[in-house]
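Asker:
Residue numbers (our numbering), protein chains in the order written: chain A, 1 to 532; chain B, 1 to 317.
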């Protein structure tokens with residue numbers, strides 16, 4: 001039974017699994033080969049000079065300490081979205097083990113053997129290829145294998161910059177709370193690490209006794225790397241950029257294609273935070289972003305209208321533990337007031353204050369609270385909100401949020417509302433990774449409440465949309481809220497509070513000056529363009 | 001064959017070799033003997049230009065060795081170091097073929113030459129596909145010797161070749177090597193700090209101390225006609241009498257004036273004329289009659305060497 005399900009599951013994803021694995025192999029092997037092709041000759045050239053070699057090893061060590069995601073992002077401006085940035089970052093990671101182990105390996109060649117090899121008449125070149133390199137090879141390979149295993153792991157992050165690889169499954173699974181999809185990426189990645197490690201061990205044994213083959217193979221490899229790196233990427237086609245969640249959601253990519261009768265499009269999967277920049281640099285032509293984002297006009301972009309209402313629109317509300325209201329009954333009337341307090345227009349304005357005017361989240365939320373509390377008659381004292389010293393006072397209420405500007409602002413609003421209007425002490429834990437993580441934390445009691453979108457909960461937690469009945473429910477906002485309220489209360493002892501009033505939807509964004517979209521105002525027109 | 005003229009080597013401010021003159025005759029076994037730190041290895045390494053002299057010159061077959069490409073020069077000079085210095089990742093066969101390969105020999109040439117060399121060095125066919133670490137120390141040293149000799153070098157340089165071996169193996173392989181027919185006409189320069197080794201191996205011994213040669217001569221000459229106090233003291237150790245027996249060979253006894261009367265030990269005890277007194281005594285076992293006759297002849301030889309007029313040594317400044 002279980003193997004059958006497993007087979008069916010893997011079979012369903014087989015094509016993509018093969019593609020992603022190949023992408024992963026490509027990322028890891030290109031970066032490793034580049035590290036060997038550049039790092040080894042560098043180490044060999046530098047080994048006679050101690051200050052230079054220590055300098056380079058030091059530099060490589062510093063690179064190694066840069067967090068992987070940061071390093072990836074730093075490569076983006078240089079190499080653009082996609083494989084090259086990922087390969088560059090992985091290459092930098094692999095460089096340290098390669099350089100250091102080459103130096104250590106060459107240093108460790110026994111002096112009497114070098115001496116006698118020179119004594120019987122080997123010149124420098126012969127000495128290197130016939131004696132020093134083979135004797136250093138075990139150490140060099142140890143470094144290479146370390147680098148390979150590290151890179152297989154780090155390469156999963158490449159999915160975030162649109163380079164594909166097995167990380168795509170992992171992030172998609174995390175975004176939509178599908179552990180089986182996470183495993184679909186994680187297990188092959190682990191297997192891949194083991195495979196590459198044992199292949200390298202095998203290569204080491206073969207190469208040890210035939211150094212001339214090492215030379216020949218390195219030459220082939222080097223040309224291969226150069227060929228692969230300079231391989232031209234066709235760019236005339238329209239490329240879409242989709243966040244991981246959109247692709248896997250039942251009401252996402254597939255539903256959109258069906259609705260507008262759009263053929264399969266070429267797309268890159270990448271993190272929401274990178275969409276705008278990639279669109280601007282031309283790495284992608286159409287981005288699927290969030291309607292709450294304020295940067296569209298300021299970045300010279302424009303939105304394509306969803307004239308057939310295919311894109312799901314999700315309403316936001318607070319999701320809280322029932323236990324919180326048993327513990328602090330005063331919280332319910334206070335938080336209930338937030339229902340309808342923030343229209344989409346208001347939310348967008350607040351986001352703009354942060355993203356365009358450069359204000360802090362705190363300042364923007366205080367600005368909002370000053371007006372709003374007055375209009376609904378809450379006794380909110382700004383001074384009390386400001387006087388809080390989180391490092392001294394133990395928190396009574398912990399608020400979680402995900403990582404988007406609107407979420408950060410919302411978190412601050414709730415925190416300062418509680419601090420300024422009650423004697424309770426609220427603490428904010430913002431930037432949690434996904435719906436699944438927030439929901440899990442809520443159930444464990446690590447957080448007491450967090451703002452969420454109804455559609456996200458419905459898909460990630462209740463798997464709505466897998467059939468037509470539940471798809472209808474997913475698309476009907478008002479129905480969805482009362483259904484969620486009931487289910488969450490019954491099943492999880494959580495409370496789905498009144499909605500804030502704003503909603504978020506995916507939107508399609510293009511560059512305002514892209515001539516290809518000159519006459520495209522709506523998605524129906526876009527579909528026509530794509531069908532051509 | 002090989003001549004050192006006014007050699008001097010400084011390492012920074014430290015003078016390691018200070019004016020050495022030495023002439024090595026073709027076919028001669030010359031031993032550089034001295035306490036550690038006396039510069040004997042430095043001297044050897046200047047001969048095949050692993051080190052360049054600060055001043056002075058090395059002459060090889062009548063040409064200034066400084067004019068040779070050092071790599072080509074080294075291919076003409078066999079080189080054996082302590083522990084053999086074999087390449088651990090290559091089989092014995094590949095190790096032995098290293099120099100011929102560098103010289104561009106064909107596989108057939110290599111194999112032909114190996115056939116000859118394995119007979120005279122008593123190498124076993126079963127070793128050839130093994131790796132150096134699978135052989136014993138003595139076997140490895142024989143392989144190192146084969147590697148040094150296969151390309152028939154003009155001379156052989158050996159740096160403490162036997163010092164990594166245990167005492168028994170060491171004595172055995174030392175005698176083995178000395179008796180090798182293949183080495184009989186080979187010019188050999190060997191570095192050692194071991195007096196027994198120097199006396200057993202060397203036709204002549206150059207005793208070195210603090211960067212200079214104190215005396216060059218046959219083992220008997222060094223022992224019985226020391227040129228200065230250093231030489232005298234160097235050999236005045238508890239094993240002196242044993243060293244004396246090692247320094248004199250049976251053939252030396254016959255060369256003296258007393259040769260007519262002395263018994264032909266070689267015939268009676270079945271030892272070659274090159275055997276030392278020490279070896280002959282060992283071979284006689286408890287036969288006191290014969291051994292006392294031998295020691296008598298040995299005493300006469302000592303007196304003779306001491307009495308002989310100091311030979312003018314043209315190679316020694």
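Glycine residues also receive a C-beta, built at the ideal position from the N, C-alpha and C atoms.
Predicted model, so just to flag it, every value in this text is computed and none were measured.
Considering residue 218 of chain B, what are the terminal residues of the alpha helix (DSSP H) in which it resides?
Answerer: From DSSP, residue 218 of chain B is part of no alpha helix (DSSP H); its letter is neither H nor E.
Asker: With DSSP as the reference, label residue 253 of chain A as helix, strand or coil.
Answerer: Three-state DSSP puts residue 253 of chain A in a helix.
Asker: Taking Cβ-Cβ distances shorter than 9 Å, what residues in chain B pair up with residue 135 of chain A?
Answerer: The contacting residues are 87, 88, 89.
Asker: Here's a check: name, in chain order, each residue in its chain whose Cβ is nearer than 7 Å to the Cβ of residue 179 of chain A, leaving out the five neighbours to either side.
Answerer: Closer than 7 Å at Cβ, skipping near neighbours: 173.
Asker: Please identify, using Cβ separations under 8 Å, the residues of the segment 52-68 of chain B that lie next to chain C, in order along the chain.
Answerer: Considering every chain present, this structure includes no chain C. Its protein chains are A and B.
Asker: Should residue 300 of chain A go down as buried or exposed, given a rule of 16 or more other Cβ atoms within 10 Å for buried?
Answerer: When all chains shown are included, residue 300 of chain A counts as exposed.
Asker: So, does the segment 237-250 of chain B touch the segment 278-286 of chain B, judging by three or more C-beta pairs under 8 Å?
Answerer: The segment 237-250 of chain B is in contact with the segment 278-286 of chain B.
Asker: Taking C-alpha atoms, which residue in A:336, A:157, A:184 lies nearest to residue 543 of chain A?
Answerer: Nothing can be reported for residue 543 of chain A, as the shown portion of chain A is limited to 1 through 532.
Asker: Would DSSP call residue 269 of chain A helix, strand or coil?
Answerer: The answer is strand: DSSP assigns residue 269 of chain A an E or B state.
Asker: Can you find the residues in the same chain that come closer than 6 Å, C-beta to C-beta, to residue 531 of chain A, ignoring five residues on each side of it along the sequence?
Answerer: The answer is none, since no qualifying residue turns up.
Asker: Less than 7 Å between the beta carbons of residue 150 of chain B and residue 100 of chain B, yes or no?
Answerer: Yes.
Asker: For residue 46 of chain B, which three-state DSSP category applies?
Answerer: Helix.
Asker: Under the rule that 16 or more other beta-carbon atoms within 10 Å means buried, what is residue 402 of chain A, buried or exposed?
Answerer: Buried, since its Cβ has 16 or more Cβ neighbours within 10 Å.
Asker: Below 8 Å on the Cβ atoms is my contact criterion, and I expect residue 30 of chain A with residue 87 of chain A to pass it. Report the Cβ-Cβ distance as a whole number of Å.
Answerer: About 5 Å separates the two Cβ atoms, so the contact holds.
Asker: Please tell me whether residue 75 of chain B and residue 119 of chain A are closer than 7 Å, where the distance is taken between their beta carbons.
Answerer: No, Cβ-Cβ distance for residue 75 of chain B and residue 119 of chain A is not below 7 Å.
Asker: Between residue 155 of chain A and residue 90 of chain A, what straight-line distance do the alpha-carbon atoms span, to the nearest angstrom?
Answerer: Rounded to whole angstroms, residue 155 of chain A to residue 90 of chain A spans 7 Å at the Cα level.
Asker: Within 7 Å of any Cβ in chain B, is that where the Cβ of residue 121 of chain A sits?
Answerer: Taking Cβ atoms only, chain B reaches closer than 7 Å to residue 121 of chain A, which makes this a yes.
Asker: If you scan the segment 252-334 of chain A from start to end, which runs of the beta strand (DSSP E) of 3 or more residues do you find wholly inside it?
Answerer: Qualifying beta strand (DSSP E) stretches, in chain order: 266-269, 286-290, 301-304, 313-321.
Asker: Once DSSP output is grouped into helix, strand and coil, what is the label at residue 460 of chain A?
Answerer: Reduced to three states, the DSSP call for residue 460 of chain A is helix.
Asker: What residues of chain B sit near residue 131 of chain A, judged by a beta carbon separation below 8 Å?
Answerer: Those within 8 Å of residue 131 of chain A in chain B are 87.
Asker: Look up residue 504 of chain A in the DSSP assignment and say whether it is helix, strand or coil.
Answerer: Residue 504 of chain A falls in the strand class under three-state DSSP.
Asker: What residues from chain B crowd round residue 594 of chain A, counting only those whose CB sits closer than 9 Å?
Answerer: This structure cannot settle anything about residue 594 of chain A, because the visible part of chain A is limited to 1 through 532.
Asker: What three-state label does DSSP hand residue 3 of chain B in the structure shown?
Answerer: Correct three-state label for residue 3 of chain B: strand.
Asker: Is there a Cβ from chain B that is less than 7 Å from the Cβ of residue 84 of chain A?
Answerer: No, its Cβ sits nowhere closer than 7 Å to a Cβ of chain B.
Asker: Could you name the residues of the segment 148-168 of chain B whose beta carbon sits closer than 8 Å to any beta carbon of chain A, in the order they occur along the chain?
Answerer: Under the 8 Å Cβ criterion, the segment 148-168 of chain B contributes 148, 157.
Asker: Looking at chain B, is there any beta carbon in it that lies within less than 7 Å of the beta carbon of residue 101 of chain A?
Answerer: By this cut-off, residue 101 of chain A is not an interface position.
Asker: Got a sec? Which residues, its chain only, sit under 8 Å from residue 407 of chain A by beta carbon, not counting five neighbours each side?
Answerer: Closer than 8 Å at the Cβ level, and outside the excluded window around residue 407 of chain A, lie 401, 430, 451.
Asker: Quick one: which unbroken alpha helix (DSSP H) runs of 4-plus residues sit fully inside the segment 71-120 of chain A? Chain order, please.
Answerer: Listed in chain order, they are 83-107, 111-119.
Asker: With a threshold of 7 Å between beta carbons, is residue 260 of chain B in contact with chain A?
Answerer: In this prediction, residue 260 of chain B has a pLDDT of 46, which is less than 50 and means its spatial position is unreliable; nothing more can be read from the coordinates.
Asker: In chain order, what residues of the same chain lie with their CB nearer than 8 Å to the CB of residue 88 of chain B, ignoring the 5 residues before and after it?
Answerer: Result list for residue 88 of chain B: 131, 132, 133, in chain order.
Asker: Is the beta carbon of residue 297 of chain B less than 7 Å from the beta carbon of residue 32 of chain B?
Answerer: No, Cβ-Cβ distance for residue 297 of chain B and residue 32 of chain B is not below 7 Å.
Asker: Considering only the alpha carbon of each residue, which of B:125, B:13, B:224, B:287 lies closest to residue 91 of chain B?
Answerer: Taking only the C-alpha atoms, the option nearest residue 91 of chain B is B:125.
Asker: Would residue 113 of chain A pass as an interface residue toward chain B - the criterion being a Cβ-Cβ separation below 7 Å?
Answerer: It does: the Cβ of residue 113 of chain A has a partner Cβ on chain B nearer than 7 Å.
Asker: Can you give me the start and stop residues for the beta strand (DSSP E) that residue 427 of chain A sits inside?
Answerer: 426-432 is the extent of the beta strand (DSSP E) around residue 427 of chain A.
Asker: Can you give me the Cβ contacts of residue 306 of chain A inside the same chain, cut-off strictly under 6 Å, excluding the 5 residues immediately before and after it?
Answerer: Excluding residues within five positions, the ones whose Cβ falls inside 6 Å are 523.
Asker: Starting from residue 145 of chain B and walking both ways along the alpha helix (DSSP H), at which residues does that stretch end?
Answerer: Residues 137-149.
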